[in-house]
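Heads up: the sequence shown is residues -14 to 242, going by our numbering.
Glycine residues also receive a C-beta, built at the ideal position from the N, C-alpha and C atoms.
Structure first, commentary second.
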Amino acid sequence: METLQVDRADGVVTITLDRPHRKNAVNGQMWAELAEVAGAIIHSSDDRCVVLTGAGGAFCSGADLDPGDAGERSHQLAAMRRINQTFQALHDLPQPTIAKVDGVAAGAGMNMALCCDLVVASDRARFSEIFARRGLSIDGAGSWVLPRLVGLHKAKELALFADIISAQDALDLGIVNRVVPVDELDAFVDDWARHLAAGPPIALAMTKRMLNRSFEQSFEQALDDEARSQTINFSTADTAEAIGAFLAKREPRFEGR
């Protein structure tokens, strides 16, 4: 990989955006590599949790608008469709995903974080739907994710004014799950990631899918999905292991089967 670091340990995949000289702005190569990595993780039973972060004290400053990356802007609609594949793949990962955000998360970078299941930010992180300042409309699934997190009117305020907000403001709005001191960020996310990686993969994947679809489902459809999911769970070795561990007063060991 030219623009990413991909590390695996104990079921946790850490994807690091690695263009620190550009505050990890995403160019055409990085979009392609992100889609490739996400596509591989989807089909991996060994990868149990995904952490997305950035190198050099920044998460991601958005799409790289440097004229030198003009290749990604030729045939713009086709290019946007390729970019959208990355966001779709990130959203569709069955594994729990955590965005570990330090420094700036702007534009497509902010929405990449919001497409993760959980967002943990350092106390010096900052966020912006910066598009309007660049003469652009919101993208990166921001038009879908943001209103679901903060409500429609607040989403319009963030997108239309393109203000930069602090990590604490993001926490107050529900954009991030936790804000921690920068020197505690790695340890906090490592703890969450290990916890999720040790969880029941089948059950977690179905819970994630149902929650992602919840705004499009009727009450009756949600109940039906829950019933189907629990029927599947009770046929797995993991649920039998969890019940046995509960009765034996020990910690379960989930294998994803």
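Hey, would you say residue i sits closer than 9 Å to residue j, going by beta carbons?
i	j	result
Ala63	Gly13	no
Val86	Ala147	no
Ser113	Val89	yes
Arg67	Ala20	yes
Arg238	Glu226	yes
Glu236	Ala222	no
Ile27	Val(-2)	no
Ala84	Ile149	no
Ile123	Ala144	yes
Asp94	Ala10	Looking at the sequence itself, residue 94 is Gly, so the reference to Asp does not match. Contact flag set, yes.
Leu232	Pro81	no
Ala74	Ala155	no
Pro108	Val165	In the sequence under discussion, the amino acid at residue 108 is Asp, which differs from the Pro named in the question. Contact flag set, yes.
Ala110	Val36	no
Taking residue i as part of the beta strand (DSSP E), name the residues at either end of that continuous run.
i	result
Ile83	Thr82 to Val86
Leu103	Leu103 to Ser107
Val22	Not the beta strand (DSSP E): Val22 falls in the alpha helix (DSSP H), residues Gly13 to Ile27.
Ala91	Val89 to Ala91
Ile150	Ile149 to Ser151
Ile0	Val(-3) to Leu2
Tell me the residue span of the alpha helix (DSSP H) that contains residue i.
i	result
Val130	Gly127 to Val135
Ile115	Ile115 -> no alpha helix (DSSP H), and no H or E assigned at all.
Met62	The sequence given here places Leu at residue 62; Met does not occur at that position. Where Leu62 is concerned, the enclosing alpha helix (DSSP H) stretches over Gln61 to Asp77.
Ala230	Ala222 to Ala233
With a cut-off of 9 Å, does the C-beta of residue i fall near any C-beta of chain E?
i	result
Val130	Going by chain labels, chain E is absent from the structure shown, which holds only one protein chain.
In three-state DSSP terms, what is residue i?
i	result
Asp(-8)	strand
Gly42	coil
Ala110	coil
Gly56	Reliability of the predicted coordinates at Gly56 is poor, the pLDDT of 48 falling under 50, and the value obtained from them is presented with this limitation in mind. Helix at Gly56.
Leu145	helix
Leu37	strand
Ala48	strand
Gly94	helix
Arg238	coil
Ala140	helix
Q.
Report the start-end ranges of each beta strand (DSSP E) in the region 156 to 220 that is 3 residues or longer and not cut off at the edges.
A. Fully enclosed beta strand (DSSP E) runs of 3 or longer: 163 to 165.
Q. Does the region 1 to 15 come within contact of the region 40 to 47, defined as at least 3 CB pairs closer than 8 Å?
A. The region 1 to 15 makes contact with the region 40 to 47; the number of CB pairs closer than 8 Å reaches 3 or more.
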